[in-house]
Amino acid sequence: MEVQYSLYRVCPTPSVSLIRFPNHSFLSKLPSPCYSRSFVQTHHSTLHSVCFRKNITCRKNGQMIVNASLEGEVSRTVIRKKKLAVFVSGGGSNFRSINEASLEGSIHGEIVVVVTNKSGCGGAEYARSKSIPVILFPKTKDEPHGLSASDLVATLGSFEIDFVLLAGYLKLIPPELIQAYSKSIVNIHPSLLPAFGGKGYYGMKVHKAVIDSGARFSGATIHLVDEHFDTGRILAQRVVPVLANDSAEDLAARILKEEHRLYVEVVAALCDERIIWRADGVPLIQSKENPNELY
Ligand code: GRF
74 MEVQYSLYRV
84 CPTPSVSLIR
94 FPNHSFLSKL
104 PSPCYSRSFV
114 QTHHSTLHSV
124 CFRKNITCRK
134 NGQMIVNASL
144 EGEVSRTVIR
154 KKKLAVFVSG
164 GGSNFRSINE
174 ASLEGSIHGE
184 IVVVVTNKSG
194 CGGAEYARSK
204 SIPVILFPKT
214 KDEPHGLSAS
224 DLVATLGSFE
234 IDFVLLAGYL
244 KLIPPELIQA
254 YSKSIVNIHP
264 SLLPAFGGKG
274 YYGMKVHKAV
284 IDSGARFSGA
294 TIHLVDEHFD
304 TGRILAQRVV
314 PVLANDSAED
324 LAARILKEEH
334 RLYVEVVAAL
344 CDERIIWRAD
354 GVPLIQSKEN
364 PNELY
């Protein structure tokens, strides 16, 4: 098969080049100068075992147009669109921003179900307005139609959920769910964990405690979920300044804006399979633009 592609940037080390295939927007890393038996990676798909026979013509501005012959097997593994469950107890602004990002395509995933402990909360109402099914968990005297933990696991299984996203869900997650979705449940917390986290630190209480402490910086943390409140491995953080005359509400509003951006970035990384596990178990995110960069 004859292909033409552009060599956009030759890295200082001549062994690595970034190549974009015009028709597919493929970003690839190919060993230079041999261009043979290469590995081509994209955000949502991967090509393996591409064999190149190169024939390079230099063009202006250091950009090169490459005419090459593809030989051998080209196998394509498409990354499947992920199915997401979002858990909410309140207004659901994080849920909305994730849903909007998935509808406009910056997240390669789809919210297929919402779980709440409060059937009348803003998040649940928004879900219904978008025709996203809402299920109740847990069963309480206020919510007698709530599911048991094992029914919740079975129901999420029937939706073929890949990731559970906690977005202002105030109940502890049952061990059954944590076992069923190992390393696949994340939560957002409105402080820089491990500071100002744990039982009792929720809503305005977090921000009041930060202001009372005199801390000059707070922020948002996304972490994996374990059996305790706010103790799972940190996946991403964003720092937000605490200003001299901030009320808890001012600080909450400033952090919430960052939360929306951070959660969308993290969910995009989860759905693109860009989480890399460090040897000690800390999850790192592989940059979308530069796969060599982890943060
Ligand atoms: C956010 O501040 C989040 O960090 C915390 O609960 C709040 C939820 O807000 N866990 P919203 O319901 O997404 O607007």
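If you're matching positions, the sequence shown starts at 74 in the numbering used here and goes up one per residue.
Just so it is clear, CB atoms sit at the ideal spot from N, CA and C, and this is done for glycine as well.
Within its chain, find whatever has a CB closer than 6 Å to the CB of Leu343; leave out the 5 residues flanking it on each side and keep chain order.
Phe236
Just how far apart, CA to CA, sit Pro248 and Gly276?
24 Å
Who does Ser291 pair with in a DSSP beta bridge?
Val313
Cβ-Cβ distance between Glu173 and Lys154 below 8 Å
no
On a CA-only basis, which of Ile348, Val279 and Thr294 is nearest Asp323? Give me that one, please.
Val279
Relative to the ligand GRF, is the shortest distance from any of its heavy atoms to the C-beta of Asn190 smaller than 7 Å?
no
Indicate, with yes or no, if the ligand GRF has a heavy atom lying under 7 Å from the CB of Glu332.
yes
To the nearest angstrom, report how far apart Ser223 and Tyr199 are at their CA atoms.
26 Å
Is the closest heavy atom of the ligand GRF to the C-beta of Leu329 under 7 Å?
yes
If you draw a straight line from the C-alpha of Tyr368 to the C-alpha of Gln359, how long is it?
7 Å
Identified DSSP bridge partners for Phe210
Answer by DSSP bridge pairing: none, since Phe210 is not bridged.
Round the Cβ separation of Lys361 and Arg347 to the nearest angstrom and send it over; I've been treating them as touching at under 8 Å.
7 Å
Taking buried to mean at least 16 other C-beta atoms within 10 Å of its own C-beta, is Asn190 buried or exposed?
buried
For Val312, which option in Asn167, Ile349, Ala282 and His262 has the closest C-alpha, if you only look at C-alpha atoms?
His262
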